[in-house]
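Enquirer: Structure in structure tokens, see below.
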Amino acid sequence: MMWGHRKQWQFLRKSVQLEKTSHAYLFSGKKLLGKKEIAQEFARLLNCQSEDFDEKPCRKCSSCREMEKSCHPDFLLIENTDKIEETEINLIRHLGNWLSLKPGLGKFKVAIIDQFQTFSLAAQSALLKTLEEPRGQTVLILISDYPELLVLTIISRLQEIKFNPLSSQEIVDLLLAAGADESLTDRISHLSSGKPLKARRLLNPDDLKKEEERIKRFAGMLNQDLVFWFHEIEVLTKESDALPENLEVWLDFIRLLFLVKMGVVKKGNLDQNQQKLFGKAESIPASKLKSLLFSLDKTNYLLSRSNVNPRLAIENSILELF
Ligand SMILES: [Zn+2]
């Protein structure tokens, strides 16, 4: 099932239909917009064997089935799991060799590199050689939440497809199409900040509850003093596995708070629990919220590289509130 981004998807479909696909793409945009899911769907589409283009990807042909089982010989998904430069360079070299082979089952060899900005500069540069060589039936898709961190000479060789947050109505429509209870769609849409993958996650009642608890904890912190904040940040950064998700909750809540303050989202449209959370936080000026949003987003971006001290970086961001 596709989750929004109709324009981008139609563009990709058209390029396949007209046989005008690029050799290398950059799918850029914020986290949880579904870039990887669409890249995988694009890979299915490229190699689907159905006779009827409108049916593609059909999910029935042998190519689609191999994709479903994650064992398609012409599909490669590279993820940077350990963030060690030597491993990263080896992965990129392996990719170069892999792409030089002829496709077996499909028409194209398709490779996706997820979160390419987390690769070291040396590993990114190693990819240049691959991008410079003329390729036959190959499609490489780089995915990045922060394309600003990519080497410029690489970006210039890619066709960029930008992904934006969906409107709240689009999220509501997707939730309804997924069978969500109508009484929940507005609530989830407000919390998901236009991110379809987040909306999908919040369809799970446990995740929704967890998210609202995190927001509650964060909203309760907003009017506290620095000593309290620094203590909370210390606790937060000790749970390093949950840190990205917690930061995401903070960012989305601050964004929603800002939108309510600016009148873009009507407070009356929020459910009662959400309205309560806004209580004290409402006294924070919009300008401070905006600086905090900007600064925390930058921190999030810096943390996607491994060598930043999370505690110090978050403390610095929070100073915007004082
Ligand atoms: Zn198929």
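Residue numbering for the sequence shown follows our numbering, beginning at 159 and increasing consecutively. Beta carbons: idealized from backbone N, C-alpha and C, even for Gly. All of these numbers come straight from a predicted model, not from anything done at the bench.
1) Hey, would you say residue 312 sits closer than 7 angstroms to residue 197, going by beta carbons?
2) How many whole angstroms separate the CB atoms of residue 369 and residue 349, which I take to be in contact at a CB cut-off of 8 angstroms?
3) Any idea what DSSP makes of residue 314, helix, strand or coil?
4) Which residues bound the alpha helix (DSSP H) around residue 335?
5) Identify every residue that forms a DSSP beta bridge with residue 186.
6) Suppose the cutoff is 8 angstroms on Cβ atoms and the five residues either side in sequence are ignored; what does the same chain contact list for residue 302 look like?
7) Which value, in whole angstroms, describes the spacing of the CA atoms of residue 452 and residue 445?
8) Starting from residue 446, trace the beta strand (DSSP E) both ways and give me its first and last residue.
9) Entirely within the region 334-375 and at least 4 residues each: give me those alpha helix (DSSP H) ranges in chain order.
10) Could you check whether the region 242-250 touches the region 225-233, counting it as contact only if at least three pairs of C-beta atoms, one from each stretch, sit closer than 8 angstroms?
11) If you draw a straight line from the C-alpha of residue 359 to the C-alpha of residue 376, how long is it?
12) In terms of residues, what are the limits of the alpha helix (DSSP H) holding residue 280?
13) Short of 6 angstroms in beta carbon distance, which residues of its chain neighbour residue 405, apart from the five on each side in sequence? Order them along the chain.
14) Grab the span of the beta strand (DSSP E) containing residue 234 for me, first residue to last.
15) Buried or exposed: residue 165, going by 16 or more other Cβ atoms within 10 Å of its Cβ?
16) In angstroms, rounded to a whole number, what distance separates the CA positions of residue 295 and residue 180?
17) To test your reading of the DSSP string, which unbroken alpha helix (DSSP H) runs of 4 or more residues are found completely within the region 395-419?
18) For the region 243-263 and the region 281-295, state whether three or more C-beta atom pairs, one from each stretch, are separated by less than 8 angstroms.
19) Do residue 268 and residue 182 have their CB atoms nearer than 7 angstroms?
20) Could you tell me the distance, in whole angstroms, from the CA atom of residue 410 to the CA atom of residue 263?
21) List the residues that DSSP assigns as beta-bridge partners of residue 267.
22) Could you check how far apart the C-beta atoms of residue 361 and residue 338 are, in whole angstroms? I think they sit under 8 angstroms.
23) When you compare each of 219, 237, 435 to residue 230 by their alpha carbons, which one comes out closest?
24) Closer than 8 angstroms by C-beta to residue 346: which residues in its own chain qualify, once you throw out the five before and the five after it? Chain order, please.
25) So what's residue 240 in DSSP terms, helix, strand or just coil?
26) Using a Cβ-Cβ cut-off of 7 angstroms (strictly less than) and excluding sequence neighbours within five positions of residue 208, which residues of its own chain qualify?
27) Identify, in the order they occur along the chain, each residue of the same chain with its Cβ nearer than 8 angstroms to the Cβ of residue 169, setting aside the five sequence neighbours on each side.
28) Taking 6 angstroms as the cut-off, is the beta-carbon of residue 219 closer than that to any non-hydrogen atom of ligand 1?
29) Provide the residue span of the alpha helix (DSSP H) that contains residue 422, from first to last.
30) Among residues of its own chain, excluding the 5 on either side of residue 387, which ones have a beta-carbon nearer than 6 angstroms to its beta-carbon?
31) For residue 390, which residues from the same chain have a beta carbon less than 7 angstroms from its beta carbon, with the 5 sequence-adjacent residues on both sides left out?
Expert: If we stick to the structure as given:
1) Mapped onto the sequence shown, residue 312 falls at position 154. Mapped onto the sequence shown, residue 197 falls at position 39. No.
2) Locating residue 369 in the sequence shown gives position 211, counting from the first residue. Locating residue 349 in the sequence shown gives position 191, counting from the first residue. About 6 angstroms; that satisfies the 8 angstroms criterion.
3) Residue numbering aside, residue 314 sits at position 156 when the sequence shown is read from its first letter. Residue 314: coil per DSSP, three-state reduction.
4) Along the sequence shown, one-based indexing puts residue 335 at 177. First-last of the alpha helix (DSSP H) with residue 335: 326-335.
5) Position 28 of the sequence shown, counting from 1, holds the residue named residue 186. For residue 186, which the question treats as bridged, DSSP gives the partners 302, 320.
6) Indexing the sequence shown from 1 puts residue 302 at position 144. These residues qualify, in order along the chain: 184, 185, 186, 273, 274, 275, 308.
7) If you number the sequence shown from 1, residue 452 lands on position 294. If you number the sequence shown from 1, residue 445 lands on position 287. When rounded, the distance between both Cα atoms is 11 angstroms.
8) By 1-based counting over the sequence shown, the position of residue 446 is 288. Element bounds for residue 446: not the beta strand (DSSP E) but the alpha helix (DSSP H), 444-461.
9) 340-350, 354-360
10) no
11) As a working mapping, residue 359 is identified with position 201 in the sequence shown. As a working mapping, residue 376 is identified with position 218 in the sequence shown. The straight-line gap from Cα to Cα measures roughly 20 angstroms.
12) By one-based count along the sequence shown, residue 280 stands at place 122. Segment 279-290, the alpha helix (DSSP H) holding residue 280.
13) Position 247 of the sequence shown, counting from 1, holds the residue named residue 405. The residues are 458.
14) Working through the sequence shown from its first residue, we reach residue 234 at position 76. Element bounds for residue 234: 233-236.
15) The count along the sequence shown starts at 1 and reaches residue 165 at position 7. Residue 165 comes out exposed.
16) As a first step, residue 295 must be located in the sequence shown, where it is residue number 137. As a first step, residue 180 must be located in the sequence shown, where it is residue number 22. Cα to Cα, residue 295 sits roughly 10 angstroms from residue 180.
17) 401-419
18) yes
19) The residue labelled residue 268 in the question sits at position 110 within the sequence shown. The residue labelled residue 182 in the question sits at position 24 within the sequence shown. Not a contact, by the Cβ cut-off of 7 angstroms.
20) What you label residue 410 is simply residue 252 of the sequence shown in a count that begins at 1. What you label residue 263 is simply residue 105 of the sequence shown in a count that begins at 1. Each residue's alpha carbon lies about 43 angstroms from the other.
21) Against the sequence shown, residue 267 aligns to sequence position 109. In DSSP, residue 267 forms a bridge with 296.
22) Residue numbering aside, residue 361 sits at position 203 when the sequence shown is read from its first letter. Residue numbering aside, residue 338 sits at position 180 when the sequence shown is read from its first letter. Right, their Cβ atoms sit about 6 angstroms apart.
23) For this step, residue 230 is matched to residue 72 along the sequence shown. Selected option, being the one with the closest Cα: 219.
24) The residue given as residue 346 occupies position 188 in the sequence shown. 329, 333, 338, 357, 360, 361, 366.
25) For this step, residue 240 is matched to residue 82 along the sequence shown. Coil.
26) Taking the sequence shown and counting its residues from 1, one reaches residue 208 at position 50. Result list for residue 208: 214, 216, 219, in chain order.
27) Against the sequence shown, residue 169 aligns to sequence position 11. Excluding positions up to five away in sequence, the list reads 319.
28) Indexing the sequence shown from 1 puts residue 219 at position 61. Yes, the beta carbon of residue 219 sits closer than 6 angstroms to at least one heavy atom of ligand 1.
29) Your numbering for residue 422 matches position 264 in the sequence shown. Segment: none, residue 422 is in no alpha helix (DSSP H) and carries neither H nor E.
30) Counting from 1 along the sequence shown, the entry for residue 387 is found at position 229. Around residue 387: 476.
31) As a first step, residue 390 is located in the sequence shown; it is residue number 232 there, counting from the start. Same-chain partners within the cutoff: 379.
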